[in-house]
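Shown next, in structure tokens, is the structure this report addresses.
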Amino acid sequence: MKIDEIQIRVRYGETDQMGVVYHGNYALYLEMGRIEWLRKLGVSYKKMEESGIMLPVISLNINYKKSAGYDDVINVRTELRKIPSVKIEFDYEITNTSGEILTTASTTLAFLDMKTKRPVKAPQYILDKLTD
10 MKIDEIQIRV
20 RYGETDQMGV
30 VYHGNYALYL
40 EMGRIEWLRK
50 LGVSYKKMEE
60 SGIMLPVISL
70 NINYKKSAGY
80 DDVINVRTEL
90 RKIPSVKIEF
100 DYEITNTSGE
110 ILTTASTTLA
120 FLDMKTKRPV
130 KAPQYILDKL
140 TD
């Protein structure tokens with residue numbers, strides 16, 4: 010499936026007193042990877058919401074292997090697991106500049122109608138971009 014990678018420099022405010030990335034910030038890194046994955050596909054998260062579709066996370070699984078620290082540059086690799094239906098699933102791998110795996114993760118998000126809060130099928134324009 011389609012894969013994208015971004016680099017992020019760890020900011021001081023994302024670390025604890027020991028200079029290690031606070032575990033909750035990894036969810037933000039995954040979100041950054043996912044939003045850039047969609048953007049590079051040609052899908053604006055903002056425009057999707059303006060058209061009445063929201064995409065909340067319904068499942069998040071993170072496995073921590075090694076720590077990242079202040080000023081480290083990390084690579085977030087985002088991969089679509091399968092063609093979406095009412096859900097879209099991603100796998101992630103976060104590595105350091107040496108290529109060591111710091112974190113592996115997966116998320117599942119659901120396409121919801123913003124008015125009814127009910128699940129809907131993935132918008133056709135997203136499916137079209139995945140089959141190009």
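Numbering-wise, the sequence shown is residues 10 to 141 according to the numbering used here. Idealized CB from N, CA, C, for every residue including glycine. Keep in mind that this is a model prediction, so the values were computed, not measured.
{"query": "9 Å Cβ cutoff met for E14 and N105", "result": "no"}
{"query": "Per DSSP, the bridge partner or partners of E109", "result": "BP columns for E109 are empty, so no partner."}
{"query": "As assigned by DSSP and simplified to three states, the class of K138", "result": "helix"}
{"query": "Proximity to P128 [Cα-Cα], best of L136, Y134, A119, I135", "result": "A119"}
{"query": "Beta carbon of Y54 nearer than 9 Å to that of L47", "result": "yes"}
{"query": "Span of the beta strand (DSSP E) around E23", "result": "That residue, E23, is in no beta strand (DSSP E); it is neither H nor E in DSSP."}
{"query": "Any 3 or more C-beta pairs closer than 8 Å across the segment 107 to 127 and the segment 57 to 75", "result": "yes"}
{"query": "For L47, the first and last residue of its enclosing alpha helix (DSSP H)", "result": "34 to 50"}
{"query": "Beta-carbon gap between T87 and E45 smaller than 9 Å", "result": "yes"}
{"query": "Short Cβ contact (9 Å threshold) for I97 with T113", "result": "no"}
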